[in-house]
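Student: Okay, here's the structure, questions in a sec.
Residue numbers (our numbering): 122 to 228.
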């Protein structure tokens with residue numbers, strides 16, 4: 122399989138690795154109407170690529186968080202909406218971060 126296609130599957134080992142690595146250093150969230158909406162929990166990612174967070178001891182899909190906060194009906198792909206904020210208050214689109222880190226533009 123072409124690496125450009127496989128990296129964008131949410132169950133790609135690199136994506137799972139990056140979520141688990143960044144969890145301790147950044148705040149994940151989404152951007153809606155130029156506002157960062159944080160997910161106030163560490164993220165959990167399954168081997169199938171489903172992304173979860175904890176809210177009051179409930180494990181909830183991040184895609185539900187996205188749909189609720191962005192007022193989207195239908196299916197959403199969390200990979201297209203997830204951002205993170207570093208300790209310097211810089212915001213990064215997770216999908217772009219993966220694209221650049223794994224040098225996909227040169228494949």
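All residues carry an ideal CB built from backbone N, CA and C; glycine is no exception.
Nothing here was measured: the structure is a model prediction, and the numbers come from that model.
Let me know the beta strand (DSSP E) ranges lying completely inside the segment 166-216, each 3 residues or longer, listed in chain order.
Tutor: As far as the segment 166-216 is concerned, its whole beta strand (DSSP E) runs of at least 3 residues are 172-176, 179-182, 203-206, 212-214.
Student: Return helix, strand or coil for residue 153, following the three-state DSSP convention.
Tutor: Taking the first residue of the chain shown as position 1, residue 153 is located at position 32. DSSP places residue 153 in strand when its eight states are reduced to three.
Student: State buried or exposed for residue 142, treating a residue as buried only when at least 16 other CB atoms are found within 10 Å of its CB.
Tutor: As a position in the chain shown, residue 142 is number 21, starting the count at 1. Its Cβ having fewer than 16 others within 10 Å, residue 142 is exposed.
Student: Assuming contact is defined by CB atoms lying nearer than 7 Å, are residue 170 and residue 194 in contact in what I supplied?
Tutor: Walking along the chain shown from the start, residue 170 turns up at place 49. Walking along the chain shown from the start, residue 194 turns up at place 73. No, the Cβ-Cβ distance between residue 170 and residue 194 is not below 7 Å.
Student: According to DSSP, what are the bridge partners of residue 148?
Tutor: On the chain shown, position 27 is the one that residue 148 refers to. Residue 148 pairs with 206.
Student: Taking the alpha helix (DSSP H) that residue 136 falls in, what are its first and last residues?
Tutor: Locating residue 136 in the chain shown gives position 15, counting from the first residue. Element bounds for residue 136: 134-143.
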